[in-house]
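The listed protein sequences derive, respectively, from chains A and B.
The opening residue of the first sequence carries number 326 in this note's numbering; numbering runs sequentially from there.
The opening residue of the second sequence carries number 2 in this note's numbering; numbering runs sequentially from there.
Glycine included, C-beta positions come from ideal geometry on N, C-alpha and C.
Keep in mind that this is a model prediction, so the values were computed, not measured.
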Amino acid sequence: MDLERTNDQELLRDTAVKFIKETGDPVTVRALSTTTTGMPEKYLQRTADLGWYAMLVPEAFGGGSVSGEGLRDLAIVAEERGRALQPGPFVPMNVVATALARRGTDAQRDEVLASIVAGETLATWAVVGTSGVWEPGAVRATATEGGFLLSGTCGAVQDAVCAEWLLVTAGTPVWPARVSASTAGMSGGPTQFLVPASATGVEATALEGLDLTQRFGTVSFRDVFVPPSSVVGEVGGAAEDVEHQLQIALVLSVSEAIGAMDALFEMTRTYSIDRIAFGRPIGSFQGVKYQLADMSLAVQAGMAIATAATRAVQAGQPDAGEVASMAKAWVGDAAIDIAQGCFQVFGGIGFTWEHDSHLYLRRLTMGSVLFGSPDWHRERICQLHDIEVRS
Amino acid sequence: MNTTETLPDMNIYRENARRWLAEHMDQRPSSDASAESGLATEEFLKKKIATARALQRKLFDGGYSGITWAKEYGGQGLPLEYDVAFLEAAEHYVMPDFDTFNSTTFDVCVPVMLEHSSPEFLRSFIPKVLAGELLVCQFFSEPSAGSDLAGVRTRATRDGDQWVINGQKIWSTLAQFADWGMCLTRTNWDVPKHRGLTWFAVPCDSAGLTIRPIRQITGSPHFCEDFFDDVAVPDGYRIGEVNNGWTVTQSMLVRERGAARSADTMSPTGPGDLVPDLVAAARKAGQLADPVVRQKLARAHTNDYVSRALGFRIAQMTAQGDLNTGVAAYGKLFKGVYTPIRARIGVEIAGAGAMTWDPATPGADATALAYLNGRLISIAGGTNEMQRNGIGERVLGLPREPSFDTSKPFNEVLLDSAHWNGKD
Ligand SMILES: Cc1cc2nc3c(=O)[nH]c(=O)nc-3n(C[C@H](O)[C@H](O)[C@H](O)COP(=O)(O)OP(=O)(O)OC[C@H]3O[C@@H](n4cnc5c(N)ncnc54)[C@H](O)[C@@H]3O)c2cc1C
């Protein structure tokens, strides 16, 4: 967490903590792990009441944040969500909200953005292929009479089955010459579309997964016709938008991971003081103490880099993408180190279904690979520095 | 700081600093300034320190030395923001670089003296420090006491209004160039070890003090062993109360672990260029396109930036009142763990080609030297293990390791340790 917080931000945090305690602590989340949505009743609306989907949206469009720096505020909420393994499409809803706020048409803002902010609809982000590798373009758009046809399949789509709206990123590689002037000047870069899940040819399939606290699925598009009014931003010109969305997703998912790491670590620290072996608390043995010291260093360093990334993206710094990738790479590795390190300290009890540590391991591991694995982000860092792939 | 005085306007202060720097100091060459490579020989170190002294004098004369230090001791008595503002303005200028004295003198010893020495001593001593005339080394470790600093055996005995010191110190960095040393001694042997310690400031040219350089693993004579034979120091050089040296030690340890530095309180700037030294090594080895090498480059670059971000976080914690040796230990442990990893990455990327070099090519031994020096920070100033003890016990509140030497008189500890059986 950022150590510099305003009183309003403290209040925001307290409110999030209180809500989570009442509605969705890990016990509840565990009970929900077999349901379709994975969410408590009316979870979206109730969290929307707390402003969870409004903070990246300007007041003019019904949004607003407590400090005027929406991403920093949202990162505080994300951390508390991570602590208690909160379910729901928190990251994708905010990504879609920011996309529509920045680039959406008036109609998209009126029809969809307002209901996202109010938690009345579930919108999600479909951007990677079925392998889960971060490459916009798993879906292709081709221009057709009066619009576009989308085809392809996206993987790792959060809440794919419950979503009513999909922000789809499509590669637009081939542009037939006969396409009208409205599509002239297309650079061949990605295009983003806001597509209703009910459109003909869209099919969402629920998947089971390692993470029991969040729902993922695939969405396939079979010659889905969409009108030009569904384009978000410029045709062929969405590269920068996708980059911005990625940065938001990275900051929020890293912040969730930090919360989860800190909570898991704290459980483990307490256990090491309570658990007695050889007539002493196990935390008094140097072998155990050093594992905890190293894990706590990873939590502190993770918080430091997460804060740096949040601030960089909030400020729109030119190197924000790089810092966000650093945070994702570093925290992604540290999350797994901590999840596995804590297992060791818990001994046998930690290996049981009833114990929460595997819920954290699952969530943290999913978070580590979602939106780009640490290795993927390290390669991206080299490319952002123009380190040539071929020397 | 005198609160009745009004502070200079920050914008004017900044502007004046910029103007003064432009007039008096040299810009840093924009080319890769890491050209300071090669072995730190006695000659090299001597020249480096002499250059730094001259630059420090300029700062002092310009009123930019000891910006936060008390006016009565020759400082400027300004709040931290002014120091940060000056550091920011000075970013692209050549500033005095005293090698390890940057930390031993300016970050550790002298700030501790400011807290614990007598005002009379400080009034004559500190202005000379600020002018670059006095450099202070650390006479802490001994052949039989390193991590266990409270176990020192150098003896100080009172003789009228002076003290007589006998014993041996070791690993004292750059002591052969120091003017003074901050020395930990035992003044009472009949009480538990933490309760019989006293600190002194000792002039290095004292009669009876012999300082001998020791070569480090690189071959550089970067630290010394120091023999104290009836070295007499006046009581006025004492730092803190007699037998209350452990209190002084604690404030020393916080600083040694790197808390409370103005530079850290500056919000870290961007990550900057991708590890230029390692990229150059990879290019030279023809490995820049290798995906495994690229992973290592980005890993080193990320770790470097996380270390800076962590330094900033610790400075924030310190500013919020968490001046705890354990919290400071995070930054030290991070460096102690990741510096050797970075040095190793250098060797892995550069390969055999960098493990042999033509002595005529300047800087060709950089990877090898960095590799050897990579371990330094894991040991010097408190080992990684001591940082883990500190974090575990002081920050995480884990129960302490059972100890066998803290409650009995130090005399007995010495006798018992020879046949210690794990029972008492
Ligand atoms: C480059 C360099 C510069 C230095 N500069 C100075 C200087 O300027 N002035 C000065 O006074 N000293 C200096 N030192 C000395 C340094 O502070 C000590 O070397 C260090 O504190 C370790 O002490 P030691 O060498 O006696 O090792 P020991 O204390 O004998 O430690 C040996 C090993 O045992 C471990 N160990 C010891 N106690 C424990 C414990 N309780 N729990 C777990 N593990 C333990 C240590 O971590 C280490 O791995 C310098 C050292 C180096 C390498």
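Mind reading off the beta-carbon distance from residue i to residue j? Whole number of angstroms is fine, and I expect it under 8 Å.
| i | j | result |
| --- | --- | --- |
| B:Trp187 | B:Arg154 | Note on identity: in this sequence residue 187 of chain B is Arg, with Trp being the wrong assignment. The Cβ separation is near 6 Å, so the contact holds. |
| B:Ile240 | B:Ala202 | 6 Å |
| A:Thr449 | A:Gly480 | Wrong, their Cβ atoms sit about 13 Å apart, outside the cutoff. |
| B:Tyr74 | B:Ala18 | So it is not a contact: roughly 21 Å between Cβ atoms. |
| A:Ala564 | A:Gly514 | 5 Å |
For residue i and residue j, what's the separation of their Cα atoms in angstroms?
| i | j | result |
| --- | --- | --- |
| A:Val527 | A:Leu571 | 24 Å |
| A:Gly376 | B:Phe335 | 37 Å |
| A:Asp431 | A:Val437 | 10 Å |
| B:Asn103 | A:Asp619 | 28 Å |
| A:Ile674 | A:Gln665 | 14 Å |
| A:Leu396 | B:Leu198 | 52 Å |
| B:Asn189 | B:Pro97 | 40 Å |
| B:Phe99 | B:Ile50 | 5 Å |
| B:Val111 | B:Ala132 | 13 Å |
| B:Arg54 | B:Gly182 | 17 Å |
| B:Arg376 | B:Pro341 | 6 Å |
| B:Arg1 | B:Asp206 | Missing from the structure shown is residue 1 of chain B; chain B here goes from 2 to 425 and no further. |
| A:Lys653 | A:Asp398 | 19 Å |
| A:Leu577 | A:Met418 | 11 Å |
| A:Phe386 | A:Ala439 | 7 Å |
| B:Cys304 | A:Trp655 | The residue asked about is misnamed: residue 304 of chain B is Asn in this sequence, not Cys. In a straight line, the C-alpha of B:Asn304 is about 8 Å away from that of A:Trp655. |
| B:Glu242 | B:Val137 | 20 Å |
| A:Ala284 | B:Met387 | Nothing can be reported for residue 284 of chain A: it is not among the residues displayed for chain A, which extend from 326 to 716. |
| A:Ala645 | A:Val567 | 14 Å |
| B:Ala367 | B:Gly39 | 6 Å |
| A:Gln642 | A:His569 | 11 Å |
| B:Arg389 | B:Pro403 | 16 Å |
| B:Lys318 | B:Glu82 | Going by the sequence as given, residue 318 of chain B is Met instead of Lys. B:Met318 and B:Glu82: Cα-Cα distance of roughly 16 Å. |
| B:Trp21 | B:Gly63 | 8 Å |
| A:His680 | A:Arg427 | 43 Å |
| A:Thr348 | A:Gln539 | 16 Å |
| A:Phe484 | A:Tyr615 | Before going further, note that residue 484 of chain A is Asp rather than Phe in the sequence given. C-alpha separation (whole angstroms): 40 Å. |
| B:Ser119 | A:Met628 | 41 Å |
| A:Pro501 | A:Leu475 | At A:Pro501, the pLDDT of 33 sits below 50, so the modelled position is not reliable; the number obtained from the coordinates is stated separately. Whole-angstrom Cα-Cα distance: 15 Å. |
| B:Leu210 | B:Ala151 | 22 Å |
| A:Met326 | A:Ser650 | 18 Å |
Measure the CB-CB distance between residue i and residue j and report whether it falls below 8 Å.
| i | j | result |
| --- | --- | --- |
| B:Ala286 | B:Gly352 | yes |
| B:Ile218 | B:Cys225 | no |
| B:Leu279 | B:Ile378 | no |
| A:Val391 | A:Val442 | no |
| B:Leu185 | B:Phe141 | yes |
| B:Arg343 | B:Ala301 | yes |
| B:Ile380 | B:Gly327 | no |
| A:Arg355 | A:Leu684 | yes |
| A:Met586 | A:Ile663 | yes |
| B:Arg256 | B:Asp162 | no |
| A:Val486 | A:Thr360 | no |
| B:Tyr238 | B:Phe122 | yes |
| A:Gln517 | A:Val551 | no |
Taking the continuous beta strand (DSSP E) assigned at residue i, which residues delimit it?
| i | result |
| --- | --- |
| A:Val527 | 527 to 532 |
| B:Glu226 | 224 to 235 |
| B:Thr219 | That residue, B:Thr219, is in no beta strand (DSSP E); it is neither H nor E in DSSP. |
| B:Thr357 | Here B:Thr357 belongs to no beta strand (DSSP E), and DSSP marks it neither H nor E. |
| B:Arg213 | 210 to 215 |
| A:Leu492 | 490 to 496 |
| A:Ser545 | 541 to 551 |
| A:Arg465 | 464 to 469 |
At what residues does the alpha helix (DSSP H) containing residue i begin and finish?
| i | result |
| --- | --- |
| B:Ala202 | Looking at the DSSP string, B:Ala202 is not in any alpha helix (DSSP H); the run it does join, the beta strand (DSSP E), is 198 to 204. |
| B:Phe178 | Unbroken run through B:Phe178: none, as it is neither H nor E. |
| B:Leu81 | 81 to 90 |
| B:Ser252 | 246 to 257 |
| A:Thr690 | 682 to 694 |
Taking 7 Å as the cut-off, is the C-beta of residue i nearer than that to any heavy atom in ligand 2?
| i | result |
| --- | --- |
| A:Gln539 | Looking at this structure, you won't find ligand 2 anywhere; what it does contain is ligand 1. |
> Counting only runs that start and end within the region 93 to 163 of chain B, where is the alpha helix (DSSP H) found for 4 or more residues in a row?
Replying inline: 111 to 117, 120 to 131
> Whole alpha helix (DSSP H) runs in the region 6 to 56 of chain B with 4 or more residues, listed along the chain?
Replying inline: 11 to 25
> In chain order, which beta strand (DSSP E) runs of at least 3 residues are fully inside the region 401 to 459 of chain A?
Replying inline: Complete beta strand (DSSP E) runs here, min 3: 448 to 451.
>> To test your reading of the DSSP string, which unbroken alpha helix (DSSP H) runs of 4 or more residues are found completely within the region 558 to 626 of chain A?
In response: If we require 4 residues or more, the alpha helix (DSSP H) runs fully inside the region 558 to 626 of chain A come out as 564 to 599.
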